[in-house]
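Trainee: All residue numbers for the sequence shown refer to the numbering used here, where the first residue is 174 and numbers rise by one.
Here a beta-carbon is modelled for each residue, glycine too, at the ideal position from N, C-alpha and C.
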Amino acid sequence: MKTDPVEIFQTIRAVLQPYAALGFVVRENSETVYDLWSEKKIEVKGQERTELHFASLEIDGTAVDFHFLPPDTADDSNPGSALTSLQSGDGHFKINELDDTILAEIENLLAIGFKKFKQNDWI
Numbered sequence: 174m175k176t177d178p179v180e181i182f183q184t185i186r187a188v189l190q191p192y193a194a195l196g197f198v199v200r201e202n203s204e205t206v207y208d209l210w211s212e213k214k215i216e217v218k219g220q221e222r223t224e225l226h227f228a229s230l231e232i233d234g235t236a237v238d239f240h241f242l243p244p245d246t247a248d249d250s251n252p253g254s255a256l257t258s259l260q261s262g263d264g265h266f267k268i269n270e271l272d273d274t275i276l277a278e279i280e281n282l283l284a285i286g287f288k289k290f291k292q293n294d295w296i
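#1: Please name the residue, chosen from Leu-195, Met-174, Val-217 and Phe-182, that lies closest to Ala-284 on a Cα-to-Cα basis.
#2: Run through DSSP, which three-state label would Ile-268 get?
#3: Does DSSP put Leu-282 in a helix, a strand or coil?
#4: Do Phe-182 and Leu-256 have their CB atoms nearer than 8 Å?
#5: On a CA-only basis, which of Trp-210, Val-206 and Leu-271 is nearest Val-198? Give me that one, please.
#6: Quick one: is Asp-238 buried, meaning 16 or more other Cβ sit within 10 Å of its Cβ, or exposed?
#7: Just checking Ile-185 against the ligand COA - is the residue's beta carbon closer than 7 Å to any of the ligand's heavy atoms?
#8: Could you tell me the distance, in whole angstroms, from the CA atom of Arg-200 to the CA atom of Tyr-207?
#9: So what's Asp-238 in DSSP terms, helix, strand or just coil?
#10: Helix, strand or coil for Leu-259? Go by DSSP, reduced to three states.
#11: What residue from Leu-225, His-265, Ser-261 and Lys-175 has the CA that sits closest to Asp-294's CA?
What follows is the structure, encoded as structure tokens:
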């Protein structure tokens with residue numbers, strides 16, 4: 174179980190980093206923020222867009238804020254019960270403690286989101 178926000182951040186960032194090689198753009202990569210976007214011209218729900226957020230991570234005091242809410246994924250991207258208990262708003266999760274269960278649920282959620290981005294040609 175990890176409780177240090179820096180250690181939690183670094184662990185989750187290590188899970189996010191491989192997605193940069195799969196078509197996402199790293200907008201910020203610092204000691205406290207990691208942010209991934211698609212910068213492809215796309216259409217989402219009938220609206221033209223030139224960018225689409227994939228996932229981000231930020232140290233916020235004693236917690237780590239994990240943000241992940243791709244469009245059109247509400248029906249097939251259940252975060253999992255451990256991660257859901259940390260939800261602080263739509264697609265926002267405040268993580269004070271990181272264990273193997275929460276990390277596995279984050280990895281699963283990202284994999285589902287990535288699949289959705291590929292299926293919709295958003296990356």
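Mentor: From the atom records:
#1: With distances taken between Cα atoms, Ala-284 lies closest to Leu-195.
#2: DSSP, read as helix, strand or coil, puts Ile-268 in strand.
#3: Helix, per DSSP.
#4: Taking 8 Å as the cut-off, the beta carbon of Phe-182 is found no closer than this to the beta carbon of Leu-256.
#5: With distances taken between Cα atoms, Val-198 lies closest to Trp-210.
#6: With at least 16 other beta carbons inside 10 angstroms of its own, Asp-238 counts as buried.
#7: The ligand COA is absent from the structure shown, which contains no ligands of any kind.
#8: Answer to the nearest angstrom: the Cα atoms are 8 Å apart.
#9: Asp-238 carries a strand assignment under DSSP once its states are collapsed to helix, strand and coil.
#10: Here DSSP, grouped into helix, strand and coil, assigns Leu-259 to coil.
#11: Closest by alpha carbon: Leu-225.
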